[in-house]
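Chains as they are written, first to last, in the working numbering: chain A, 1 to 292; chain U, 1001 to 1242.
Glycine is no exception: its CB is placed at the ideal position from the N, C-alpha and C atoms.
Computed from a predicted structure; not experimentally measured.
Here the structure comes first, spelled out in structure tokens, and everything after it is commentary.
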């Protein structure tokens, strides 16, 4: 029964990782940018919600409704001011630019909010603590269910957007061949800005769940980035549903690893990530990919 | 009436100069063939007209307005459409999605998904299929149809026969005849000299980035064209030496 519990908790944890990873996957899929500031953007979103909660005393979900459009706008501005320029200079420059952005965000948060650890759990009402005790060994938390449901809706909505809307077709077309997309009348810069806006706003959703699940401080971003990155790679880079599957696989590896030994939890996730990396890009194909 | 005017256009890839001081005009309703050996600069010239290559110097005017600085997608909304070399379809999009994604909001006209499928009936059973799964001829039909979706006033065709079986090329050109008969202005690059001379009203021959011969298709005899094509008999312009 503890095994069943570990699997259930692993799925919940994995859904959280999938939400965190979603924006990272979008930016890589559309622009081939690996956003090293993704974790910090998520934490920034959490702070934004935190500020709204502090000022107004509103529920964390109301606070997120305020933060979401702000993060959409920030993402758009980030693309047109920083990432678009860096994209023109080859594949390494966006990596450096987002690495720098990560440091800037962390330090701005440090100045604005001090290194104190914060949490959004207090403002999430019943979702912080409620759970169903199914048996002595198995309990299902309301927050876990919420995150899983939100993750499935999020990925489903993105899939519908990409499959059935003209803006979605334009995004897929630009991701596959930006030059040809321009030639059929698609403004690739606008598509990129839209993609980054969506990615940044979804990252803040991950930040929100991070804040409700546990706590965050200005330096929390890089850890979240690692988990998100592992979820993306395990699921197959650039594949949307793969990211959901990859997140859940990572969550399962961590909770099942913890069954062996509590200290084995995070390591088990890293080992799964390495195993996938070797299986997929093993041997000569890795050098081939890098060379191209 | 002049639809397209290219003036002293220079295009470079780093140090390589692909197009050197090219000037010509295309009138409304004309079919002009651009011929020349590999590396003569034909594809670069078409891409510069479409906005996919930023020229080093010179200008491109369309319908009297200077479009040299406009990005490609803005030129599409003015009515310039390029069928690029190698087709460049979006492989994971279905045939229908490839067509629909190219429908430009502000350009209404005869062409829509149904009209394209009517002209290229071979695509009808393939409309829900990803473009990656199509044969070469079918892909070329989608590429042409995709360009038509913006209801262009100027259609640029880059080697639509490349890599296709002769019988398929015939079918593609038969379909194009329908398009052309509706009064479109076409600038096409074609390797097959006989076909170029038959389809086009006027021929422009390029060599090493220069225009070396230009004239009405009927007025040119094959020998003169072949000489210009390969740079024999002093047709190459003086400035070409490097």
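Please report the residue range of the beta strand (DSSP E) in which residue 1206 (chain U) lies.
From DSSP, the beta strand (DSSP E) with residue 1206 (chain U) extends over 1202-1207.
What are the uninterrupted segments assigned as beta strand (DSSP E) that are 3 or more residues long and contained completely in the region 201-249 of chain A, given in chain order?
Runs found: none.
With 16 other CB atoms within 10 Å as the buried threshold, where does residue 116 (chain A) fall?
Exposed, by the Cβ-count rule.
State the DSSP-derived secondary structure class of residue 8 (chain A), mapped to helix, strand or coil.
Helix, per DSSP.
What do you get for residue 269 (chain A), buried or exposed, if any count of 16 or more other CB atoms within 10 angstroms of its CB means buried?
Residue 269 (chain A) is buried by the Cβ-count criterion.
Beta-carbon neighbours of residue 185 (chain A), restricted to chain U and to distances below 7 Å:
The answer, in chain order, is 1073, 1076, 1077, 1102, 1104, 1150.
C-beta contact flag for residue 49 (chain A) and residue 120 (chain A) at 8 Å
Yes, these two residues count as a Cβ contact at 8 Å.
Using the beta-carbon count (16 or more within 10 Å), is residue 1013 (chain U) buried or exposed?
With fewer than 16 other CB atoms across the displayed protein chains lying within 10 angstroms of its CB, residue 1013 (chain U) is exposed.
Ordered along the chain, which non-local residues of its own chain (more than five positions away) have a Cβ less than 7 Å from that of residue 66 (chain A)?
These residues qualify, in order along the chain: 52.
What does the alpha-carbon distance come out to for the pair residue 111 (chain A) and residue 209 (chain A)?
Spanning the two alpha carbons is a distance of roughly 23 Å.
So, is residue 60 (chain A) buried or exposed, given that buried needs 16 or more other C-beta atoms within 10 angstroms?
Buried, since its Cβ has 16 or more Cβ neighbours within 10 Å.
Looking at residue 1185 (chain U): is its Cβ nearer than 8 Å to the Cβ of residue 1085 (chain U)?
Their beta carbons are not under 8 Å apart, which means residue 1185 (chain U) does not touch residue 1085 (chain U) by this criterion.
Name the chain U residues whose beta carbon is nearer than 7 Å to that of residue 169 (chain A)?
Those within 7 Å of residue 169 (chain A) in chain U are 1093, 1097, 1100, 1101.
For my contact list, residue 17 (chain A) and residue 247 (chain A) are in at a C-beta cut-off of 8 Å; report their separation, rounded to the angstrom.
The Cβ separation is near 4 Å, so the contact holds.
Taking 8 Å as the threshold (C-beta atoms), are residue 206 (chain A) and residue 42 (chain A) in contact?
Contact flag set, yes.
At 8 Å on the CB atoms, spell out the chain U contacts of residue 176 (chain A), in chain order.
Near residue 176 (chain A) (Cβ distances below 8 Å), the residues of chain U are 1090, 1091, 1092, 1093.
Less than 8 Å between the C-beta atoms of residue 1035 (chain U) and residue 1226 (chain U), yes or no?
No Cβ-Cβ contact shorter than 8 Å links residue 1035 (chain U) with residue 1226 (chain U).
Using the beta-carbon of each residue, which ones in chain U are nearer than 7 Å to residue 172 (chain A)?
In chain order: 1090, 1092, 1093.
Does DSSP put residue 266 (chain A) in a helix, a strand or coil?
Assignment of residue 266 (chain A) by DSSP, reduced to helix, strand and coil, places it in the helix class.
So, using beta-carbon positions, are residue 14 (chain A) and residue 249 (chain A) closer together than 8 Å?
Residue 14 (chain A) is a Cβ neighbour of residue 249 (chain A), given a cutoff of 8 Å.
Does the region 1162-1176 of chain U touch the region 1136-1145 of chain U, meaning 3 or more C-beta pairs lie closer than 8 Å?
In short, these stretches touch, since the Cβ pair count reaches three.
What whole-angstrom Cβ distance do residue 330 (chain A) and residue 171 (chain A) have, given they're in contact under 8 Å?
Since the first and last residues shown for chain A are 1 and 292, residue 330 (chain A) lies out of range.
Considering only their Cβ atoms, is the gap separating residue 1018 (chain U) from residue 1044 (chain U) smaller than 8 Å?
Residue 1044 (chain U) places its beta carbon less than 8 Å from that of residue 1018 (chain U).
When you compare the CB of residue 84 (chain A) with every CB in chain U, is at least one pair closer than 8 Å?
Not one chain U Cβ lies under 8 Å of residue 84 (chain A).
Apply the 10 Å Cβ neighbour rule to residue 296 (chain A) and answer buried if 16 or more other Cβ atoms are within range, or exposed otherwise.
For chain A, the structure presents residues 1 to 292; residue 296 (chain A) sits outside this window and is missing.
Which of the three DSSP states is assigned to residue 1186 (chain U) in this structure?
DSSP places residue 1186 (chain U) within a strand segment (E or B) once states are collapsed to three.
Spatial neighbours of residue 1008 (chain U) in its chain, beta-carbon cut-off 8 Å, leaving aside the 5 residues before and after
For residue 1008 (chain U), where only same-chain residues beyond five positions count, the Cβ hits under 8 Å are 1021, 1022, 1023, 1057, 1058, 1059.
For residue 1092 (chain U) and residue 1003 (chain U), what's the separation of their Cα atoms in angstroms?
A straight line joining the alpha-carbon of residue 1092 (chain U) with that of residue 1003 (chain U) spans about 35 Å.
Contact set between residue 1018 (chain U) and chain A, taken where Cβ atoms lie within less than 7 Å
Neighbours of residue 1018 (chain U) in chain A, taken as residues at a C-beta separation under 7 Å, are lacking, since the least C-beta distance is about 16 Å.
When you compare the CB positions of residue 1206 (chain U) and residue 1212 (chain U), do they come within less than 8 Å of one another, or not?
Against a cut-off of 8 Å, the Cβ pair of residue 1212 (chain U) and residue 1206 (chain U) comes out as a contact.
Below 8 Å on C-beta distance, what does residue 180 (chain A) contact in chain U?
Within chain U, the residues near residue 180 (chain A) are 1084, 1088, 1089, 1090.
Does residue 1146 (chain U) get closer than 8 Å to chain A when you measure Cβ to Cβ?
For residue 1146 (chain U), the nearest CB of chain A lies under 8 Å from its own CB, placing it at the interface with that chain.
Over what stretch of residues does the alpha helix (DSSP H) that includes residue 1210 (chain U) continue unbroken?
First-last for residue 1210 (chain U): 1210-1216, but that is the beta strand (DSSP E), not the alpha helix (DSSP H).
In chain B, which residues lie with their C-beta within 8 Å of the C-beta of residue 1050 (chain U)?
Structure shown: chain B not included; protein chains present are A and U.
Helix, strand or coil, according to DSSP, for residue 1091 (chain U) in the structure here?
In the structure shown, residue 1091 (chain U) sits in coil (DSSP, three-state: anything other than H, G, I, E or B).
For residue 94 (chain A), would you say it is in contact with chain U, using Cβ-to-Cβ distances shorter than 8 Å as the test?
Nearest CB-CB separation between residue 94 (chain A) and chain U: not below the 8 Å threshold.
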